Amino acid sequence: MIEKDTNRVLLLAKADAIAAAIAGSEEAKSFWQARAKMERHVEAQKLFDELKRKTNALLTLKDRLGEKHEKYQRMKAETDALWDRLADIPVALQYKAAQDELNGLLQEVTLIMLARLREQLPVERGPRQCGSGGCSSGGCGGSCGGH
Numbered sequence: 000m001i002e003k004d005t006n007r008v009l010l011l012a013k014a015d016a017i018a019a020a021i022a023g024s025e026e027a028k029s030f031w032q033a034r035a036k037m038e039r040h041v042e043a044q045k046l047f048d049e050l051k052r053k054t055n056a057l058l059t060l061k062d063r064l065g066e067k068h069e070k071y072q073r074m075k076a077e078t079d080a081l082w083d084r085l086a087d088i089p090v091a092l093q094y095k096a097a098q099d100e101l102n103g104l105l106q107e108v109t110l111i112m113l114a115r116l117r118e119q120l121p122v123e124r125g126p127r128q129c130g131s132g133g134c135s136s137g138g139c140g141g142s143c144g145g146h
């Protein structure tokens, strides 16, 4: 039992070390710098907040009505217009790029761990988790939109 507890403690310490390495990475530093610039840009911040709300509403409409429905299409056009407005603000583009870079690093680490574990354990990739503003597939708040 003591050996099991010791192994668990060592494993969790290694997980903490990986988390600390990610938090101290260039990707994380770039993200925090870009976020600080974004927080000082009132218009970009307002557009991102609106985009998050509309993206959540868009996902709800997609689930309830489907992508072909008029309400969904209208909301999709509104989110696309917000992305177009954000594309004209360099600080917003830097923030999104930094967010995507950090998310990419996190995804790579996760995929490597899953690949290694899959060789020895019956590991499945569960459903994609969104909502943190960090995915770049088009399904989440601030950083998604497929642009």
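Using numbering that gives the first Met the number 0, the letters of the sequence shown map in sequence onto residues 0 to 146. We put the CB at the ideal spot given by N, CA and C, even for glycine. Remember, it's a predicted structure, so these values are computed and weren't measured experimentally.
Item	Value
Could you tell me whether the stretch 53-60 touches the stretch 9-28, where touching means 3 or more Cβ pairs closer than 8 Å?	no
Where does residue 103 sit, in a helix, a strand or coil, going by DSSP?	helix
Is residue 13 helix, strand or coil by DSSP?	helix
Please report how far the alpha carbon of residue 100 lies from the alpha carbon of residue 73, in whole angstroms.	30 Å
Please classify residue 106: is it buried, with 16 or more other beta-carbons within 10 angstroms of its beta-carbon, or exposed?	exposed
If you follow the alpha helix (DSSP H) that residue 157 is part of, which residue opens it and which one closes it?	The question about residue 157 has no answer here: the residues shown for the chain are numbered 0 through 146.
What three-state label does DSSP hand residue 108 in the structure shown?	helix
Look up residue 75 in the DSSP assignment and say whether it is helix, strand or coil.	helix
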